[in-house]
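Protein sequence lines, in the order shown, are assigned to chains R and W. Counting from 1, position 43 in the first sequence corresponds to residue 42 in numbering that gives the first Met the number 0; the numbering is continuous, with no gaps. Counting from 1, position 88 in the second sequence corresponds to residue 87 in numbering that gives the first Met the number 0; the numbering is continuous, with no gaps. One structure is given below, encoded as C-alpha cells.
Number of protein chains: 2
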Amino acid sequence: MTLEQLRVFVAIAEREHMTRAAAALHLAQSAASATVASLEAEYGVKLFDRVGRTIRLTPQGAVLLDEARAVLLQADQVRRRMESLVAS
Amino acid sequence: MTLEQLRVFVAIAEREHMTRAAAALHLAQSAASATVASLEAEYGVKLFDRVGRTIRLTPQGAVLLDEARAVLLQADQVRRRMESLVAS
DNA sequence: TGAGGTTACGCCTATCGTAATAATG
DNA sequence: CATTATTACGATAGGCGTAACCTCA
C-alpha cells in the first residue's frame, strides 16, 4: 500500500468516475485503473462494482475511503510540518 | 514522501544506526542511506547530523520521527482493516 | 456509435545491491 | 585496521502513456 495508491483511489471513489478522476490527477485512465486493480489484488478486496460502463463503490470500498482519507490527511500534515521546518 | 521512506527513516532514527536499521529492514546500507538523502532533499531539511561515522537525529529529525510514527500507525490500521474485510 | 473501463505493450525512471571510497574510533 | 556511512554504477522492476479492445446505453 502506498500513499499514491490511496490518493488515486480516493479521487476515483469521490467521483465514481475513473476518467474524470484520472484527468484531475493528470494521469492516464489506464494508470488509474491499474492502480485500483493493484490495491484490490493486494488485499483481495473488490473496491468497485463494474456495472456496465460505470463504477460504483462497494461497501468494502466505502470503508477504505474513510480510512484512506484519514491517512492522507495525516500525511499532508507531515508534509506541512516539514515545510515549516525549512525556515528554522 | 512515501510510506516506505518514512518506514526507513523511523527504523534508522530509532537506532541512530544505519547498518542495523538496514539489516532489520532487509535492505542494503546504501539503499537506506539513499532513502534518507531523498527525504532530506525533498524537504530541504537535515534529519541526521553526521558526526564521524555515527549519525544523530537533528531536532528537525525528532519532529519528523513523531509525525512519521503517527502516519505509519494509521497506515497499519488501514492495512488491518482491509485484511479484516477479506472475510466479509 | 460513442463514452468509458480494461488489457497489451514498450519505455523509462526510481530503486536496488555490489563494490569502491572516505572517514574515524 | 575494523567499522560505518557515502558514492558510483550497472541491473531490474514498477509505473506510465499510447493504443487497441470490449461493453453497454
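Beta carbons are placed, not taken as given, at the ideal position from N, Cα and C, and that holds for glycine. Computed from a prediction, not measured in an experiment: that's the story for all the values here.
Measuring only the C-alpha atoms, how far is Gln76/R from Val62/W? Start at 1 with the first residue of the first sequence, and residue 76/R comes out as number 77. Start at 1 with the first residue of the second sequence, and residue 62/W comes out as number 63. Computed Cα separation, rounded: 12 Å.
Name the two residues that bound the continuous beta strand (DSSP E) containing Leu56/W. For the purposes of this step, residue 56/W is taken as residue 57 along the second sequence, with counting starting at 1. Residues Thr53 to Leu56.
Classify Leu38/W as buried or exposed, calling it buried when 16 or more other Cβ atoms lie within 10 Å of its own Cβ. By one-based count along the second sequence, residue 38/W stands at place 39. Classification for Leu38/W: buried.
Does Ala88/R pass the burial test, meaning 16 or more other C-beta atoms within 10 Å, or should it be called exposed? Shown here, chain R extends from 0 to 87; a query on residue 88/R therefore has no answer.
Residues that Arg49/R bridges to, as DSSP identifies them: Walking along the first sequence from the start, residue 49/R turns up at place 50. Per DSSP, Ile54/R.
Rounded to whole angstroms, what is the Cα-Cα separation between Gly60/R and Ala69/W? Along the first sequence, one-based indexing puts residue 60/R at 61. Along the second sequence, one-based indexing puts residue 69/W at 70. Whole-angstrom Cα-Cα distance: 23 Å.
Beta-carbon of Asp1/R versus every beta-carbon of chain W: anything under 8 Å? Locating residue 1/R in the first sequence gives position 2, where the first residue counts as 1. The sequence given here places Thr at residue 1/R; Asp does not occur at that position. Taking Cβ atoms only, chain W reaches closer than 8 Å to Thr1/R, which makes this a yes.
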